[in-house]
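Peer 1: Take a look at the following structure, please.
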Amino acid sequence: MQEAFASIRNAHAMTLATVEPDGRPSARMVLCRGFDRQAGWLVFYTDRESAKGRALATTPRAALVFHWDAVERQVRIEGLVTRAPDADSDAYWLSRPIEARHAAAASEQSRPIASRADFLRKIEETATRFAGGTPRPQRWGGYRVWAERVELWVGQPARAHDRALWTRALTRLGDSYAGGPWTVTRLQP
Numbered sequence: 013m014q015e016a017f018a019s020i021r022n023a024h025a026m027t028l029a030t031v032e033p034d035g036r037p038s039a040r041m042v043l044c045r046g047f048d049r050q051a052g053w054l055v056f057y058t059d060r061e062s063a064k065g066r067a068l069a070t071t072p073r074a075a076l077v078f079h080w081d082a083v084e085r086q087v088r089i090e091g092l093v094t095r096a097p098d099a100d101s102d103a104y105w106l107s108r109p110i111e112a113r114h115a116a117a118a119s120e121q122s123r124p125i126a127s128r129a130d131f132l133r134k135i136e137e138t139a140t141r142f143a144g145g146t147p148r149p150q151r152w153g154g155y156r157v158w159a160e161r162v163e164l165w166v167g168q169p170a171r172a173h174d175r176a177l178w179t180r181a182l183t184r185l186g187d188s189y190a191g192g193p194w195t196v197t198r199l200q201p
């Protein structure tokens with residue numbers, strides 16, 4: 013199984029579903045950039061002034077889906093969302109290739125722009141202005157999704173799939189959550 017997962021391109025890609033301020037659901041792909049198995053959160057990074065950032069500011073809940081067709085596995089996660097600590101966002105920012113930092117700093121994600129050439133020019137201007145290293149913009153950082161529900165789906169022959177659901181209650185602790193014990197329920201396909 014490990015070999016199968018190792019062969020999956022972008023195995024850390026996940027669908028992030030949020031609710032827009034007007035109540036519309038919205039989904040897009042993001043990359044899972046870490047997790048804390050003990051605490052029960054996953055983290056992704058983005059421009060906090062983007063559509064997803066505005067949605068999470070209004071409704072700090074999200075659903076995530078990992079789907080790995082090649083190994084017939086899917087994981088669905090639902091939970092509450094908090095901003096990752098600035099120190100974590102800073103560390104991840106510095107781990108990114110310099111070109112990716114220039115592009116992220118130049119981009120006002122989800123905002124209109126006249127042309128791709130204009131965007132490439134903004135990246136070049138950012139690279140020139142911050143030749144020694146582009147600092148992390150205040151608007152850019154991580155979000156932690158604290159799992160309340162985790163469902164595992166494993167494909168089986170004759171569509172007799174295997175499904176299980178783990179649930180727990182979360183208690184707010186300042187800028188994070190503490191999770192109660194997990195309860196597991198087997199689900200019919």
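The working numbering numbers the first residue of the sequence shown as 13 and each following residue consecutively.
Glycine included, C-beta positions come from ideal geometry on N, C-alpha and C.
Since this is a predicted model, take the numbers as computed values, not measurements.
Would you mind stating whether residue 30 and residue 58 have Cβ atoms separated by less than 9 Å?
Peer 2: One-based indexing of the sequence shown puts residue 30 at position 18. One-based indexing of the sequence shown puts residue 58 at position 46. No, the Cβ-Cβ distance between residue 30 and residue 58 is not below 9 Å.
Peer 1: Identify the residues that DSSP records as bridge partners of residue 37: which are they?
Peer 2: Locating residue 37 in the sequence shown gives position 25, counting from the first residue. The partner list for residue 37 (beta bridge, DSSP) reads 31.
Peer 1: Rounded to whole angstroms, what's the CA-CA distance from residue 183 to residue 191? Just pull it up for me.
Peer 2: Residue 183 sits at position 171 when you count from the first residue of the sequence shown. Residue 191 sits at position 179 when you count from the first residue of the sequence shown. Each residue's Cα considered, the two are about 6 Å apart.
Peer 1: In terms of alpha-carbon separation, which member of 156, 93, 168 and 130 lies closest to residue 85?
Peer 2: Along the sequence shown, read from residue 1 onward, the residue named residue 85 stands at position 73. The candidate whose alpha carbon is nearest that of residue 85 is 168.
Peer 1: Could you tell me the distance, in whole angstroms, from the CA atom of residue 101 to the CA atom of residue 198?
Peer 2: As a first step, residue 101 is located in the sequence shown; it is residue number 89 there, counting from the start. As a first step, residue 198 is located in the sequence shown; it is residue number 186 there, counting from the start. C-alpha separation (whole angstroms): 37 Å.
Peer 1: For residue 174, which of helix, strand or coil comes out of DSSP?
Peer 2: What you label residue 174 is simply residue 162 of the sequence shown in a count that begins at 1. Residue state, collapsed to three classes: strand.
Peer 1: In three-state DSSP terms, what is residue 53?
Peer 2: To locate residue 53, count along the sequence shown from 1; it is residue 41. Strand, per DSSP.
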